[in-house]
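Asker: Counting with the working numbering, you get residues 42 to 228 for the letters of the sequence shown.
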Amino acid sequence: MDHDFPDWRTIVHPVHLRYKDEDEDGPRFYPHIRRSADEEKISAEEEYRIMVAQVKESKGFDIDFTKFRCVFNYEPLDLDDEDMVGGPGGPETTREFIDRMCRESLEIFNETNSTEYEFVKFIKANHHFAAGIMFLVTFQGKLLSDDVSKQFQAKFCLCASLVDFFSCELRPLKKQGNSIPSQLSLN
């Protein structure tokens, strides 16, 4: 039985609108992203169009969440969210988990590509639900012999307590100068 289903681990998952800003039970927003109070509102349909374009262009890694009042399935990772990985009092915080995953992703990259990059710092992360929580993480690494940092993008999924690494690669050069702000930082 041969099925031509796409591999859920490698596809860019479609964008879904979860909540509109004006939903009956009150406004929805990303509490750790601050918007200007006088910012012009755009329609939910226009926000959806912008979100789809950003996800398509960046494969979900570079999304400017300051543009959105609606909530979508792609969300910025809040490193202070204690319920994201393991709950309050769990074995590690979300911040520690992401730091560890960046380092492990880079180790796999080094083994695969016969390189010796070392982890420098976390830049930002987005996530959405698939068969678990799919993380799209951007971080910096550098060669031991070079002081110039390069950006990496890693994709991995957390399902229960199991982590499955799907990719870690250098961020495409044309996108490294992107003006989309990083929403979160480990520093």
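Just so it is clear, CB atoms sit at the ideal spot from N, CA and C, and this is done for glycine as well.
Using DSSP's beta-bridge definition, name the partner residues of F113.
Answerer: Paired residues: L58.
Asker: If you drop the 5 nearest sequence neighbours on each side, which residues of the same chain put their C-beta closer than 6 Å to that of Q95?
Answerer: These residues qualify, in order along the chain: I104.
Asker: When you compare each of K100, G173, E157 to S186 by their alpha carbons, which one comes out closest?
Answerer: It is E157 whose Cα lies nearest to the Cα of S186.
Asker: Could you check which residue in E152, S190, I149, F197 has the C-alpha nearest to that of A166?
Answerer: For the residues E152, S190, I149, F197, the minimum Cα distance to A166 belongs to F197.
Asker: Indicate the three-state DSSP secondary structure (helix, strand or coil) for L199 in the structure shown.
Answerer: Residue state, collapsed to three classes: strand.
Asker: Just to confirm the assignment: which complete alpha helix (DSSP H) runs, minimum length 4, are found wholly within the region 135-174?
Answerer: Fully enclosed alpha helix (DSSP H) runs of 4 or longer: 135-154.
Asker: If the criterion is Cβ atoms closer than 7 Å, does the pair F160 and L147 meet it?
Answerer: Result yes, Cβ atoms of F160 and L147 sit closer than 7 Å.
Asker: Return the residue from the list K108, D79, K100, T135 that minimises the CA-CA distance to Y89.
Answerer: Nearest C-alpha to Y89: K108.
Asker: Alpha carbon to alpha carbon, how far is F150 from L118? Give it in angstroms, no decimals.
Answerer: Each residue's Cα considered, the two are about 23 Å apart.
Asker: Leaving out the 5 sequence neighbours to the left and right, which residues in its chain are closer than 7 Å to S144 when beta-carbon positions are compared?
Answerer: The amino acid at residue 144 is misidentified as Ser; the sequence shows Arg. Only F160 meet the Cβ criterion.
Asker: Can the beta-carbon of F113 be found closer than 7 Å to that of V56?
Answerer: Contact flag set, yes.
Asker: Is I164 closer than 7 Å to F138 when the C-beta atoms are compared?
Answerer: No, these two residues do not count as a Cβ contact at 7 Å.
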